[in-house]
Amino acid sequence: MARPRQFDEDSVLEAAGEIFWSKGYEATSTRDLTDRMGLTHASLYNAFGDKRRLYLKVLKHYLDRNLRSRIARMEAAYSPGLTIVGYFQEVVERSLADTEHRGCMLVNTVLEARSDDPEMRRVVADETAEIEAFFLRSVVAAQASGEIPANLPPDDIAKLLLSVQFGLRALVRVRPERELLNGILRPAMAMLTLP
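In terms of the working numbering, the sequence shown is residues 55 to 249.
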């Protein structure tokens, strides 16, 4: 009979997430993880498998708590057009509030994804497709309600917004400047404004 775990999984995933988010997947050692998580090597491997399996679990945990919860909150609180605006305003504020300038863990993972790890690439590609689908839902609904112009294909707008999202979150790691981020957003938001 297996022994019950002697730790709170959410807490150790948060701890692992902090170190992965700060250092990246490749630069994080198992020693970094065990020190931060308060686990032995054996406990870490017994509970999560190898470092890569732990990273994928941490990434899912991060996305559930950050990205997916934000999307659900925005879609429930705002009209479709304002959902897009509110989403990006929050991205800017969260990015600038992070004193470590870590960017987004998903974006960081995209930048670290290697060609010899097709599973990691697939997981990341699926997540980016989810974000694009959120933008597409919002654009289609906002065009239908007359909140944003219907002169551009919604698929193209969703793809553009996805690239804006990733550009913002990558740049904030090295240039955490409000004017830079707002300057990236202004043209994209102007395109979504009715004349």
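The beta-carbon is built from N, C-alpha and C at its ideal position, and this holds for glycine as well.
In this structure the region 130–142 touches the region 188–195; the number of beta carbon pairs closer than 8 angstroms is three or more. Straight across, the Cα-Cα distance linking L214 with P207 is about 11 angstroms. Pairwise C-beta distances place the region 70–89 in contact with the region 155–162, as three or more of them are shorter than 8 angstroms. Residues of the same chain with a CB within less than 7 angstroms of the CB of H115, apart from the 5 flanking positions on each side, are L67, G71 in chain order. For S123, the enclosing alpha helix (DSSP H) begins and ends at 123–131. Distance from the CA atom of R232 to the CA atom of A96, rounded to whole angstroms, is 44 angstroms.
Here E144 is near R124, since their CB atoms are less than 8 angstroms apart. With contacts defined as CB atoms closer than 8 angstroms, L98 and T88 qualify as a contacting pair. Looking only at E166, D62, G103, the smallest Cα-Cα distance to E80 is reached by E166.
Considered as a whole, the region 190–245 harbours 208–225, 232–245 as its complete alpha helix (DSSP H) runs of no fewer than 4 residues, in chain order. Between L110 and M174, the alpha-carbon positions lie close to 8 angstroms from each other. For E72, the enclosing alpha helix (DSSP H) starts and ends at 63–77.
G78 has its alpha-carbon roughly 21 angstroms from the corresponding atom of A101.
Between V218 and S149, the gap from beta carbon to beta carbon reaches 8 angstroms or more.
Taking M243 as reference, the option from A212, R229, A130, P230 with the minimal CA-CA separation is A212. Taking the C-beta atoms as reference points, T182 is found no nearer than 8 angstroms to L222. Judged by DSSP secondary structure, G140 falls within the alpha helix (DSSP H) whose first and last residues are 134–151.
Sixteen is the threshold: since fewer than 16 other Cβ atoms of the shown chains lie within 10 Å of the Cβ of E184, the residue is exposed.
Going by C-alpha positions, P241 is about 44 angstroms away from D104. Annotation for I238: V218, G221, L222, L225 place their beta carbon closer than 8 angstroms to its own, counting only its chain and skipping 5 residues before and after.
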